Amino acid sequence: MKNIKNNILKVLTVFPISFWMLFFVAIPLLYIVFISFMQRGDDGTIVYISTISNYTRMARPLYIKVFLDSIVVAFITTLCTLLFGYPFAYFATKIKKYKILIMLLIMAPFLTNSLIRTYGWIVILSTNGIINHALLITGIIKEPLKMLYSYGAVMIGMIYTMFPFMVLPLYNSIDKMDKAYIEAAKDLGASRWKTFRTVTVPLTMPGIVAGCILVFVPSVGLFFIPDLMGGSNVMLIGNLIENQFMEANDWPFGAALSIVMIFISLILILVYVKMVGKKLDAEVF
Amino acid sequence: MSEIILEIDNIIKKFENQEVIKNISLAINKGEFLTLLGPSGCGKTTTLRIIAGFEKPTSGSVLLEGKHVENKQPNERNVNTVFQNYALFPHMNVFENIAYALKIRKVNKIEIKKRVKEMLSLVQLEGYEKRKIDGLSGGQKQRVAIGRALINKPKILLLDEPLGALDLKLRKQMQVELKKLQKKLQITFVYVTHDQEEALNMSDRIAVMNEGIIEQIGNPEDIYERPKTKFVAGFIGESNLIKTKIKKIDDEKICVQFGEHEMNVNYKNYDNFKTKESYILIRPENIKYTREKPLLGLKAIIKEHSYIGSIIKTTMEIESGQEIIVCDYDKKKDLVGVGSEVWMYFEPEDVVIVEEG
Amino acid sequence: MDSKLSKGLERTYIFCIFAFLYVPIAIIIMYSFNAAKSNVVFSGFTLDWYTKLFSDDDVITALVNSLTIATFSTAISAVIGTLGAIGLKRHNFKGKSVISLLVYIPIVIPEIIMGVSLLILFSTLQIDFGILTLVLAHTTFCTPFVLINVKSRLAGFDLSIEEAAMDLGASKFTVFRTITLPMIFPAVVSGAMLAFALSLDDIIINIFLSGPESTTLPIKIFSMLKFGLSPEINALCTIMLVTTFVVLILSQGIKLRREK
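As they're listed, the protein sequences go chains A, B and C.
Numbering that gives the first Met the number 0 puts the first residue of the first sequence at 0, with every later residue one more than the last.
Numbering that gives the first Met the number 0 puts the first residue of the second sequence at 0, with every later residue one more than the last.
Numbering that gives the first Met the number 0 puts the first residue of the third sequence at 0, with every later residue one more than the last.
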């Protein structure tokens, strides 16, 4: 009798999540793998004949360029957010007084619609935007600068959007670090820079790696920023995939592209797990 | 002859093939204050949890008023627990904590209010109804935990090292209060502690446990004056255990080796004295020392005198290399210098012969 | 004094970064009150764009859709996520490590993959794209957030409190109802609010899974951005920003109050 009651509770708590994750996450992902080996029919439907042509197609220089561009963009985004974000997080943890307010201000962009925030940049950078307007009026330039629709604009948009994703885990990690270690290093004679390099950085490595993952992985797939700020001048994997599913109707190829994207993300996550051996949630939450 | 309220019968408990309780049998009388005493890991808390119902014994039975309960859930026994870290419900105030047991039994509101009020005055926390748990001191939390467990008038109250987190003075005070409470309510208390002074102070009977078995059960005087095994002798109070050989046993006396001589000790009615490894047990307060050789004594060299406040504790080394501890309440005596040779001696009637166990 | 100077530099740096983060947002808010159509010249304060917004049927529909989807997704993920957190933390079962891993996937893979995979799933099952598909999709990526939040609260949970309740006579269900649930409730709520904000703001999944009748607010903004800038956008964006900010403050407030 006790066993039945125990089991009801177990089933009640375990079944919903298991079912949901299996049906809406695992199965669709497996299905993408399956479809990536199928062919596209003439009218845009899927023809169930297996082929590896979708993958071989990606070997063309056109697509290789897209992959490389995406990885480079994601990499530069990660690097910039890290370089700008680490000092920011570090100095922010030193402010004891308004800690709650600081946390709130850091988290707010994290949750605000990234579309809206991108729009703000469009307003600033466009040919009849604020910067151009100011420069024209003061006579510094004669013609408006074309700042949008370039890789540069896309980079700014990406760094801007991804910045909070880097800062949050960094902040948590640096905040959790026991400052006694820094004091010990100084006590033993290390300079400020040496202390930073040999104590602070290694001890906050989990946060650094978490931040890099949280920035790099979505960066590879973000397509609306290149879409809005790069237009047709910038084509990254995300745009390519969206294109296959929404316009070109080549689902198998889109599926294959998605698999490649998943692989790139998975390799990085494995790197993280190897490097730190912890779970992500400890750093973000 | 008092009634037996709880019987533990040949309980064995294994955790993943490790025997935590090797075999325990115990009969607890109604209204008594019984303490399970032992070092950490001896199985006393596990025994308590088996009585409460949080663990099921691997084999053996638990009989509450003659009925088997070892398979019953904790909420099906009329036994309540005071937890080591109090386990008070943080999202409820004092009133709600104490009222909990009544609330889930759907007792009516007026009755609840009345009984909680009584309980609060019993544990001396009148007026604390609306207080939040995290604002209370350790001692106050302790009382709320006790009140919460007693409100249901359980047949047995189980207490798992309840005073461990309190400072010394508060602990001593609570020991007195708990004892008074128990006497007043006449509820059976089963108490777990590793503090032998606490056990001696509060209990009607003590069950001394070690590595999963009960080494000895008895009232405090029995346990202290007549320990049966080396473990019990060493665990309770301070003791000096000098290895010895038993020469002769008869109905009234045991004759044992003492240095170069023999000593006759009153045979204090041990049952099943199996003459394994034996020791002379002599408590520090019963040893005296002098410069002149007494009739029966051992040579020793003074190593150290310590001032402990109420007593002087002297450590000395006998020929075998063993250190002997002597306690003296007479602080005004002139102390023999460290390094001097003395003779230690004691009355044979203060000696207990103790087995390995 | 060196430390005073460095402190000053630190504060300046932080201020600059915050400026970088918030200037675009501030500009949008500012121009939502701009009397002129331009996004550059500020000609006067007006609430016109807000009133225009509220009479724009498309926008209202999109808003209602977004709120509906967010509400349902949040509710479902709160239930599944909370139960799941308890199940994963307290019970062992075959395939537990697989499910634990799967829970992290929606957070960790690019959203576009989720969008694509569900797109394929729903069209294979021949489910019409609309509010239903969006709710299902949003629930999928919101549940892990609730689950992880509740799970980390459970990690610090003192089990002896539940034992005490059982000891006092409560059945396992009663313990759950009167003790466990109230104690984890703040984590559930803050997780749910996070889920709500994420659902309202989602774009990528919406692009893949919405139908003609079920435009959501972010999609509306997206199309407004692509096909022509109207100052109404500023007003719309401002409203969304304020809403998210309020939800955020509430959720952090609850979290902090509990941790006290």
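Don't be surprised by glycine CBs; every beta carbon is placed ideally from N, CA and C.
What you are looking at is a predicted structure, and each value in this text was computed from that prediction instead of being measured.
- V19/B is not a Cβ neighbour of A51/B, given a cutoff of 8 Å.
- A check of alpha carbon separations from G37/B across E214/B, D329/B, V351/B identifies E214/B as the nearest.
- For T76/A, the enclosing alpha helix (DSSP H) begins and ends at 60 to 93.
- When DSSP assignments are scanned along the stretch 89 to 149 of chain B, the uninterrupted stretches of alpha helix (DSSP H) that are 4 or more residues long and fall wholly within it turn out to be 93 to 103, 108 to 121, 137 to 149.
- For F172/C, the enclosing alpha helix (DSSP H) covers residues 171 to 174.
- D41/A: not part of any beta strand (DSSP E); DSSP gives it neither H nor E.
- Within the stretch 141 to 156 of chain C, those residues whose Cβ lies closer than 8 Å to any Cβ of chain A are, in chain order, T142, L146, I147, N148, K150, S151.
- I310/B sits in coil when the DSSP states are folded into three classes, being neither helix nor strand.
- In the structure shown, the three-state DSSP call for D55/C is coil.
- For A51/B, the C-beta contacts it makes with chain C under 7 Å involve D166, in order along the chain.
- Looking at the DSSP output, S277/B bridges to T243/B, E354/B.
- Relative to the Cα of G43/C, the nearest Cα in the group M29/C, F207/C, T50/C belongs to M29/C.
- For D159/B, the beta-bridge partners assigned by DSSP are V191/B.
- Counted as a single uninterrupted DSSP element, the beta strand (DSSP E) harbouring E261/B occupies residues 260 to 265.
- Looking at the backbone, the Cα of M154/A and that of P201/A are separated by about 28 Å.
- For Y54/A, none of the residues of chain C pass the 8 Å Cβ criterion, the least Cβ distance being about 16 Å.
- With a threshold of 16 other beta carbon atoms within 10 Å, T55/A falls short and is exposed.
- Residues of chain A whose Cβ lies closer than 9 Å to the Cβ of D200/C are, in chain order, L110, T111, N112, S113, L114, I115.
- Secondary structure at R116/A: helix, using DSSP grouped into helix, strand and coil.
- With a cutoff of 8 Å on beta-carbon distance, I123/A and P230/C are scored as not near each other.
- The C-beta of T11/C has fewer than 16 other C-beta atoms within 10 Å across all chains shown, which makes the residue exposed.
- For G236/B, no alpha helix (DSSP H) encloses it, and the DSSP letter there is neither H nor E.
- Neighbours of A169/C across chain B, judged by C-beta separation under 7 Å: N74, I103.
- C-alpha of Q83/B to C-alpha of L158/C: approximately 12 Å in a straight line.
- In this structure, the alpha-carbon of Y118/A lies about 24 Å from that of M113/C.
- Rounded to whole angstroms, P181/C and E220/B show a C-alpha spacing of 49 Å.
- Pairing G206/A with S172/A gives a Cβ-Cβ distance under 8 Å.
- Counting along the chain, the unbroken beta strand (DSSP E) around R204/B starts and ends at 204 to 209.
- Along the stretch 53 to 67 of chain C, none of the residues has a CB nearer than 9 Å to a CB of chain B.
- Contact annotation for F222/A against chain C: I111 [CB-CB distance below 7 Å, chain order].
- With respect to chain B, the C-beta atom of S159/C has a partner C-beta closer than 8 Å.
- Taken in chain order, the whole alpha helix (DSSP H) runs of length 4 or more contained in the stretch 150 to 189 of chain C are 158 to 166, 171 to 174.
- Contact annotation for A100/B against chain C: L167, G168 [CB-CB distance below 8 Å, chain order].
- Contact between V145/C and S76/C is confirmed by a C-beta separation of about 5 Å, below the 8 Å threshold.
- Under the Cβ distance rule, P283/B does not count among the residues neighbouring chain C, no pair being separated by less than 8 Å.
- Within the stretch 57 to 87 of chain A, F83, G84, P86, F87 place their CB atoms closer than 9 Å to a CB of chain C, listed in sequence order.
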